[in-house]
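So the structure is just underneath, and the comments pick up after that.
2 protein chains.
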Amino acid sequence: MFENIDAFVNRCANFTKNELDIFHTLIDFKTVNKKEYLLQEGEICNFEAYVLKGCIRNYFIDENGFEVILQFAIEDWWVSDIASFHEKKPSKLYIETLEDCELFFLTYENKEELLKRVPKFERFFRLMVQKKLSSTQNRLINTIAKSAPEKYLDFIKLYPTISQRVTQHHIASYLGISAEFLSKIRTKLSKQ
Amino acid sequence: MFENIDAFVNRCANFTKNELDIFHTLIDFKTVNKKEYLLQEGEICNFEAYVLKGCIRNYFIDENGFEVILQFAIEDWWVSDIASFHEKKPSKLYIETLEDCELFFLTYENKEELLKRVPKFERFFRLMVQKKLSSTQNRLINTIAKSAPEKYLDFIKLYPTISQRVTQHHIASYLGISAEFLSKIRTKLSKQ
DNA sequence: CCTGTGCATTGAACTAGTTCAAGAACGTAT
DNA sequence: ATACGTTCTTGAACTAGTTCAATGCACAGG
Numbered sequence: 001m002f003e004n005i006d007a008f009v010n011r012c013a014n015f016t017k018n019e020l021d022i023f024h025t026l027i028d029f030k031t032v033n034k035k036e037y038l039l040q041e042g043e044i045c046n047f048e049a050y051v052l053k054g055c056i057r058n059y060f061i062d063e064n065g066f067e068v069i070l071q072f073a074i075e076d077w078w079v080s081d082i083a084s085f086h087e088k089k090p091s092k093l094y095i096e097t098l099e100d101c102e103l104f105f106l107t108y109e110n111k112e113e114l115l116k117r118v119p120k121f122e123r124f125f126r127l128m129v130q131k132k133l134s135s136t137q138n139r140l141i142n143t144i145a146k147s148a149p150e151k152y153l154d155f156i157k158l159y160p161t162i163s164q165r166v167t168q169h170h171i172a173s174y175l176g177i178s179a180e181f182l183s184k185i186r187t188k189l190s191k192q
Numbered sequence: 001m002f003e004n005i006d007a008f009v010n011r012c013a014n015f016t017k018n019e020l021d022i023f024h025t026l027i028d029f030k031t032v033n034k035k036e037y038l039l040q041e042g043e044i045c046n047f048e049a050y051v052l053k054g055c056i057r058n059y060f061i062d063e064n065g066f067e068v069i070l071q072f073a074i075e076d077w078w079v080s081d082i083a084s085f086h087e088k089k090p091s092k093l094y095i096e097t098l099e100d101c102e103l104f105f106l107t108y109e110n111k112e113e114l115l116k117r118v119p120k121f122e123r124f125f126r127l128m129v130q131k132k133l134s135s136t137q138n139r140l141i142n143t144i145a146k147s148a149p150e151k152y153l154d155f156i157k158l159y160p161t162i163s164q165r166v167t168q169h170h171i172a173s174y175l176g177i178s179a180e181f182l183s184k185i186r187t188k189l190s191k192q
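If you're matching them up, the sequences are chains A and B in order.
1 is the number of the first residue of the first sequence in full-length UniProt numbering; add one for each residue after it.
1 is the number of the first residue of the second sequence in full-length UniProt numbering; add one for each residue after it.
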C-alpha cells in the first residue's frame, strides 16, 4: 500500500522505518470517483494529495470564462493549491479527477505535526517545492518563448502518458491555445 | 549592514542573535557595478544572492535569439538560478545587474553548512521557495490568460518601483510582447 | 437498431500581436 | 553647440492564433 509513496519520499531524503511509520499514521488513503472535485474556487485548500492511481487536473477559470489547466497529476505526482494551502486563503483553482483515483491526503495540521515529529521532512518538502518551482519556471519560459506547434511537441514528448489519457481540449487548455487550433496543428503534423 | 537581510529571514521564522551571527559568517557581501554578469549561460550557478541595493535582471535567450526576462530583483529580493544551483547543472540563464548593486552571496557549500548548523533555516528556505512558486504560478496564469494591455497594467500595479527603474524594452521582454507593441499600448492608454 | 451526447475536424472571417523600417526625443561625452 | 548612442514612437504589411458555425465520428443508453 505504501510502497510507492515511500519510494517517492525516499528519493529526496533517507527515512528510517520508524519515521515512515509516523508518516503513514498522518496520511489518509481515499478513493475518489471520476469527475469529482477535490477543491473548488473559494474553498480553502486543506490538503496536499499524492496520486497512487488515476489522473487529475488542476485548473483556473479566467475572467472570460476560459479554463486554463495549470497541472495534470498522474501516478506519483502531488496535487494541491499551494498558495491557498499555506496562506489559508480562498483558492482560485479547481482540482478535478479525470479518472477514478486512489489518493493519499496530507492535511495542513498533519503536515505540521509531521514536521514537528520528523523534522527531516522539512528538507523533503523543500526539495519537492524547489523541483516544482524549477519545472514551473521552465514552463513559463516555454509558454512565453515558443510557438504553439513547438509547445505541443514539447508536451507530448515530456508527458507521453498524460497526452494519451486526457482529451485534446484539455491539452489545448494546458498549452494556452484553442482546441481548434490544436486540431489544425495536429493535422498539419500528421501530413508530414 | 545586516538589518535588512535579518529582517527578511525573521519574517519567515524567528532566529536568535546567535543563529543570525552564524548566518552572517556564511554570507559574503559584495558590490557589483552596473551591467555586469553574476551568471552566464553554461555556468553552474553557485549562489543565491540577496539584493541590499540595486536592480538585477534574470533572463533567458530563446532559440530565435530573443531575450525573455524571468525576474527583476530589486531591494529585498533574492536572485539565483535554482535549477542550476540545486542540481549543479549548467545554467540556461543570464543574471545581469542593471544598476550598481550591493549584494549578499550565499554559496551552495555555505548554505549546506548553514542548514547543518541552524536547521531552522530549512523551514525558512522552504517557505521562501513556496512563496516564489506561488507567485510564479500566478504569473504563468496571467501569461496564458490575459491580453497584453492587461498584463502591462498588472505589472505596473504589482511592481510600481521596478517599472520606473527599467527600460520599456525590458518590461516588454518580461511580459513576453514586443517593445513596439508595448509602446502602442502605452500611447493608447495615455489617450484615455 | 436508432439516437443523443461528447469529442475532433474543417473552413472562412477576423484580431491581437509581430516585424521592419524610419524618425523623434533625450542625455551625455566631445 | 554638435554629434552620438540609446530609448521610445509610429505606420504599413504581415502572420499566428481565435472565433464561430457546420460537420463528422464514435460509442453508450434505451
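Glycine included, every Cβ here is placed at the ideal spot set by N, Cα and C.
- The Cβ atoms of Thr107(B) and Asn46(B) lie closer than 8 Å to each other.
- About 6 Å separates the Cβ atoms of Gln137(A) and Thr136(B), confirming a contact at the 8 Å cut-off.
- The beta-carbon distance between Leu98(B) and Phe60(B), rounded to whole angstroms, is 16 Å. This is too long to meet the 8 Å contact definition.
- Under a 10 Å Cβ-count criterion, Glu87(A) is classified as exposed, with fewer than 16 other Cβ atoms of the shown protein chains found around its own Cβ.
- DSSP places Phe60(A) in no alpha helix (DSSP H) but in the uninterrupted beta strand (DSSP E) bounded by 56-61.
- Following the DSSP letters along the chain, one finds Leu52(A) inside the beta strand (DSSP E) bounded by residues 47-53.
- Here Glu75(A) has Asn4, Val51, Leu52, Lys53, Gly54 as same chain residues with Cβ atoms under 8 Å from its own Cβ, once five neighbours each way along the sequence are excluded.
- If you draw a straight line from the Cα of Asp28(B) to the Cα of Ala49(B), it is about 9 Å long.
- The distance from the Cβ of Leu140(B) to that of Phe155(B) is about 14 Å, inconsistent with a contact at the 8 Å cut-off.
- Think of a sphere of 8 Å around the beta carbon of Ala148(A): no beta carbon from chain B falls inside it, the nearest being about 12 Å out.
- Under the DSSP assignment, Glu19(B) falls in the alpha helix (DSSP H) whose first and last residues are 17-26.
- Proximity of chain A to Lys132(B) at the Cβ level (cut-off 7 Å) is accounted for by Leu133, in chain order.
- Under a 10 Å Cβ-count criterion, Lys111(A) is classified as buried, with 16 or more other Cβ atoms of the shown protein chains found around its own Cβ.
- Its chain contains Ala13, Phe15, Glu19 as the residues whose beta carbon lies nearer than 8 Å to that of Lys120(B), once the 5 sequence neighbours on both sides are disregarded; these appear in chain order.
- When Cβ-Cβ separations below 8 Å define contact, Pro90(B) makes no contact with chain A.
- With fewer than 16 other CB atoms across the displayed protein chains lying within 10 angstroms of its CB, Asp21(A) is exposed.
- Residue-level contact by beta carbon fails for Phe181(A) and chain B, as no gap is shorter than 8 Å.
- Flagged as an interface residue toward chain B: Thr136(A), by a C-beta distance shorter than 8 Å.
- Below the 7 Å Cβ cutoff, chain A contributes no neighbours of Val9(B), its closest Cβ being approximately 15 Å away.
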